[in-house]
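If you count by my numbering, then the sequence shown holds residues 233 to 449, one letter each, in order.
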Amino acid sequence: MGKSEDPGEDKHGAPEVDPLQQPARLDACRRCALWHGATQAVPGAGPRHAPIMMVGEQPGDSEDRAGKPFVGPAGQLLDDALSEAGVKRTDVFVTNAVKHFKWEPRGKRRMHKTPAQREIAACRYWLEKELASVGPVVVVALGATALKAVLETRGTPLREVIGQVLEHDGRYVIPTWHPSFALRAPDRTTRERVYADIVQALQAAGQLARDAAGHRR
Ligand code: URA
């Protein structure tokens, strides 16, 4: 049997592993150099067959230490938005486009640095594994990095598609703002508008998930 036909290997020739079952394999990832400065890799978290997957950018400082996605202030904002949108936390699997924290030192602090395209592309391997394992009906892409990773293209500017229901690879994709954008908003009006957009995107995701569940009955 040829190498590419080996059922134990994926299309990239890498061993078939499930990051949800084997976080140690993800933690051993050397597909890009980000592992070097991070405490640990942060796999996605949530129910194995959640109908909604939320994809963020990368773990922040708190997530890097905890080993879990969205445990800091951005996660708190998402929890509030989910509850306002009427979406149960148990219907949502949460992950990131890039699984290691990319940062640069500023004094004693580790400041977030946006991942490069090559890092997003390298980490797409793990996102694919999560998409295949969880099989969500709808993916909510939180911000521009997540959108690039989910659609596998740089050619769709977030601002042009925000809040729309797109289709990619047999599932719905709803792009919205990253929660940190609301947290960093310079004024209350912008913060409230961004937050309302996130709630609306989650409401739409919840509706699509319910519709799909209705069709399966
Ligand atoms: N921001 C992200 O994009 N992901 C996290 O897990 C935390 C903050």
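Note that CB positions come from ideal geometry on N, CA and C, so glycine has one too.
As the structure is a prediction and not an experimental result, all values here were calculated from the model.
The continuous stretches of beta strand (DSSP E) do not include Pro411, which lies in the alpha helix (DSSP H) extending over residues Pro411 to Leu415. Counting along the chain, Pro279 sits inside no alpha helix (DSSP H), nor does DSSP assign it H or E at all. Short of 6 angstroms from the beta carbon of Arg342, and not among the five residues preceding or following it, lie these beta carbons of its own chain, in chain order: Asp293 and Trp335. Contact check for Val366 against Leu383 fails: the beta carbons are separated by 8 angstroms or more.
Burial is judged here by how many other beta carbons sit within 10 angstroms of a residue's own beta carbon; Thr377 has at least 16 and is buried.
Within the same chain, and ignoring the five residues on either side of Gly375 in sequence, the residues whose Cβ sits closer than 6 angstroms to its Cβ are Glu289 and His410.
Per DSSP, the unbroken beta strand (DSSP E) holding Trp335 starts and ends at Trp335 to Arg338. Membership of Thr327 in the beta strand (DSSP E) is indicated by the continuous run Val324 to Asn328.
The Cβ-Cβ distance between Pro283 and Ala445 falls below 8 angstroms. Using a Cβ-Cβ distance cut-off of 8 angstroms, the stretch 341-360 and the stretch 297-317 are not in contact, since fewer than three pairs of beta carbons, one from each stretch, lie closer than that value. Distance from the C-beta of Gln290 to the nearest heavy atom of ligand 1 is below 7 angstroms.
Within a 10 Å sphere around the beta-carbon of Gly395 sit fewer than 16 other beta-carbons, which makes this residue exposed. By DSSP's assignment, Ala373 forms a beta bridge with Val287 and Pro407.
For Leu390, no pairing in a beta bridge is given by DSSP. Contact between Ala381 and Val287 holds, since their C-beta atoms are separated by about 7 angstroms, short of 8 angstroms. Nearest to Val369 by C-alpha distance, out of Ala277, Asp443 and Lys300, is Asp443. Separation of Glu399 and Lys340 (C-alpha to C-alpha, rounded to the nearest whole angstrom) is 43 angstroms. Under the three-state reduction of DSSP output, Glu295 falls in the helix class. Ligand 1 approaches His410 closely enough that one of its heavy atoms is under 7 angstroms from the residue's Cβ.
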